[in-house]
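If you're matching positions, the sequence shown starts at 66 in the numbering used here and goes up one per residue.
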Amino acid sequence: MFTSLSESIIGRATERGVIGLKFHQLRDFAEDKHKTVDDTPYGGGPGMVLKVDVVDRALTHIKEGIKERSGTMPKVILLTPQGQPFSQRKAEQLSGHEDIVLICGHYEGYDERIREYLVDEEISLGDYVLSGGEIAAMAVIDATARLVPGVLGKEESSSEESFSLQDDHGHQLLEYPVYTRPENYKGWTVPEILKSGHHEEIKKWRYRQAVERTKEKRPDLLVSNKK
Ligand code: ADE
């Protein structure tokens with residue numbers, strides 16, 4: 066499932082050694098001959114539950130590897146719809162960590178002790194249920210890795226795109242509208258200001274557009290007081 070991460074920007078960054086990705090199979094940490102990683106819930110009910118002992122052994126192994134390499138402890142994150150919603154702000158925070166471990170399961174549930182004893186943080190991709198945490202993990206990896214210095218080239222710089230612009234209160238703003246040639250396509254024209262060469266005026270126009278656009282499309286971004 067993770068092969069798409071070897072393509073494009075993230076793939077190039079791993080090849081150049083700017084970031085490193087390592088994948089571990091939970092089954093390798095099962096101890097019985099059937100390689101069992103999940104079991105039925107105590108108290109009954111539908112679905113299978115990911116076992117705490119399997120996750121603990123996997124994490125111990127992974128942490129040992131990280132300790133040998135960098136001498137640090139990783140941040141351990143569980144992908145689950147119960148987690149805090151993933152955001153650009155969260156990606157920024159994570160991009161400053163040396164090592165991150167993402168746990169994703171294809172299971173109805175995680176044994177509660179995984180949450181309680183083994184995990185630092187829970188992250189959700191959004192208020193919907195995916196059939197596994199892998200897609201969520203890939204979104205977290207992609208959004209986080211591209212903020213690590215050296216992952217994006219100068220041309221692709223992340224500093225001026227959607228969600229990096231803020232208003233005076235620190236609210237995130239959506240991206241202002243952008244245009245490229247042709248100047249007139251079927252009578253659909255480019256705003257005059259952008260062709261004026263007045264850089265200060267263009268900057269102000271873009272800021273106003275970003276604010277207007279955010280009010281219209283995502284007013285929720287302007288009322289939250291999270292900074
Ligand atoms: N696993 C299943 N659904 C998920 C979601 N919305 N976010 C993160 N992990 C998940």
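Where is the CB? At the ideal position from N, CA and C, for every residue including glycine.
The model shown is predicted, which means the values in this text are computed figures rather than measured ones.
Which two residues bound the contiguous beta strand (DSSP E) that contains residue i?
i	result
Val166	Ile165 to Ile168
With DSSP as the reference, please indicate the residues paired to residue i in a beta bridge.
i	result
Glu186	Ile142
Tyr175	Leu115
Asp103	Leu115
Tyr193	DSSP, once it has assigned bridges, lists no residue as partnering Tyr193.
Thr254	Asn249
Gln149	Ile188
Assuming residue i and residue j form a contact by the criterion Cβ under 8 angstroms, report the distance between their Cβ atoms to the nearest whole angstrom.
i	j	result
Tyr241	Arg278	7 angstroms
Val194	Pro247	So it is not a contact: roughly 44 angstroms between Cβ atoms.
Lys140	Glu186	7 angstroms
Leu212	Ala156	6 angstroms
Leu115	Ile179	7 angstroms
Ile142	Ile188	5 angstroms
Specify, as a first and last residue, the run of the alpha helix (DSSP H) that residue i falls within.
i	result
Ile200	Glu199 to Ala210
Tyr272	His264 to Lys282
Thr79	Ser73 to Glu80
Ala95	Counting along the chain, Ala95 falls outside any alpha helix (DSSP H), and DSSP gives it neither H nor E.
Gln158	Gln153 to Ser160
Asp232	Neither: Asp232 is in no alpha helix (DSSP H) and is coded neither H nor E.
Asp285	Asp285 to Val288
Going by C-alpha to C-alpha distance, which of the options sits closest to residue i?
i	options	result
Leu159	Lys269, Thr79, Leu230 and Ala204	Ala204
Gly82	Gln90, Leu217 and Ser222	Leu217
Thr79	Glu257, Asp207 and Leu259	Asp207
Ala275	Gly130, Ser261 and Gln231	Gln231
Lys128	Ile75, Gln149 and Leu167	Leu167
Arg134	Glu157, Gly85 and Arg271	Gly85
Ile258	Leu70, Tyr250, Arg271 and Asn249	Arg271
Leu287	Tyr175, Gln237, Val213 and Gln149	Gln237
Leu124	Glu265, Tyr107, Val184 and Asp104	Val184
Thr254	Ser261, Ile179 and Tyr244	Tyr244
Arg122	Tyr250, Phe94 and Cys169	Phe94
Glu177	Pro106, Glu221, Leu239 and Phe151	Pro106
Glu163	Ala210, Gln149 and Val102	Ala210
Phe67	Arg154, Ile200 and Val114	Ile200
Tyr182	Thr101, Asp118 and Gly108	Asp118
Pro150	Val120, Asp192 and Asp233	Asp192
His89	Lys269, Leu239 and Cys169	Cys169
Gly197	His171, Asn249 and Gly252	His171
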